[in-house]
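In short: position in the sequence shown from 1, add 136, done, that's the numbering used here. This report refers to the structure that appears directly beneath it.
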Amino acid sequence: MCGWASVAGFGERLSIFGEVDVRATAREIRSRLRRQAEAEQQKREDAVVAVGVAAAAAVKRRADNDAALRAVFEAALRTSAADGRVRKLREAFEAALAHTGRVLEAEVAAGRTVLAAAELRITQGQLAEFTGQRVEDLRRWVQLVRRAESSEAGSAVGPTRAGGGSEPMSTTPAAGFAVVMRESDDVRGDALHGDGSAASAG
137 MCGWASVAGF GERLSIFGEV DVRATAREIR SRLRRQAEAE QQKREDAVVA
187 VGVAAAAAVK RRADNDAALR AVFEAALRTS AADGRVRKLR EAFEAALAHT
237 GRVLEAEVAA GRTVLAAAEL RITQGQLAEF TGQRVEDLRR WVQLVRRAES
287 SEAGSAVGPT RAGGGSEPMS TTPAAGFAVV MRESDDVRGD ALHGDGSAAS
337 AG
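Below is the structure:
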């Protein structure tokens with residue numbers, strides 16, 4: 137009789153120990169889940185912050201470049217002599233466009249952060265809400281990234297000309313802008329035909 141009582145008591149102790157082990161395991165699992173959730177949340181927050189910083193830099197560079205371009209034209213229009221106006225406009229315009237590449241670099245960098253956030257399932261709408269940027273700008277920066285990647289993939293082919301495919305955008309600062317003087321001394325920019333030799337008097 138005493139033997140059976142001892143066995144029963146030992147079994148109860150085993151049952152208690154088993155419950156303790158299960159509870160300890162559950163606490164450990166919950167702790168791991170919380171740590172994982174916190175790590176994922178931290179990654180998402182860091183991704184949004186990265187977008188905010190890169191977007192602010194891109195917007196500032198674009199605004200500075202636009203302001204420089206406006207200053208260029210205003211200074212050129214204040215020049216009285218026709219010949220001096222053409223020369224001043226071309227020189228100042230090339231100087232202003234020299235920073236266009238830096239603007240595009242900043243916008244591409246911002247686009248990459250948007251794509252990185254998308255991998256964490258953060259939508260552009262959420263990014264716009266958290267960073268204060270426009271969804272249209274976020275989308276445009278992503279498109280710049282894809283164009284850059286497409287351009288890099290096709291760079292081995294080399295530049296193409298008319299009749300053989302599309303022509304890549306020129307990196308020359310003054311490309312795409314030709315100054316033409318008319319008899320009325322109006323200064324006009326032809327954004328479609330950017331040959332520097334196109335300057336002429338009407």
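Ideal Cβ positions, reconstructed from N, Cα and C, are used throughout, including at glycine.
- Straight across, the Cα-Cα distance linking K179 with L251 is about 14 Å.
- By the Cβ-count criterion, V271 is exposed, with fewer than 16 other Cβ atoms from all chains shown falling within 10 Å of its own Cβ.
- Assigned with DSSP and collapsed to three states, L263 falls in helix.
- Apart from the 5 residues on each side of it in sequence, F266 sits with its Cβ closer than 6 Å to the Cβ of V184 in its chain, given in chain order.
- Contact between the stretch 244–261 and the stretch 183–197 is present, with at least three C-beta pairs closer than 8 Å.
- 9 Å or more divides the Cβ of V187 from the Cβ of Q279.
- Taking C-beta atoms as the reference points, T236 and K224 fail to come closer than 9 Å.
- Taking the Cα of L240 as reference, the smallest distance to any Cα among D200, R221, I258 is reached at D200.
- Between E243 and R221, the C-beta gap is not smaller than 9 Å, which leaves the two residues out of contact.
- The alpha-carbon of R226 is positioned some 14 Å away from that of A204.
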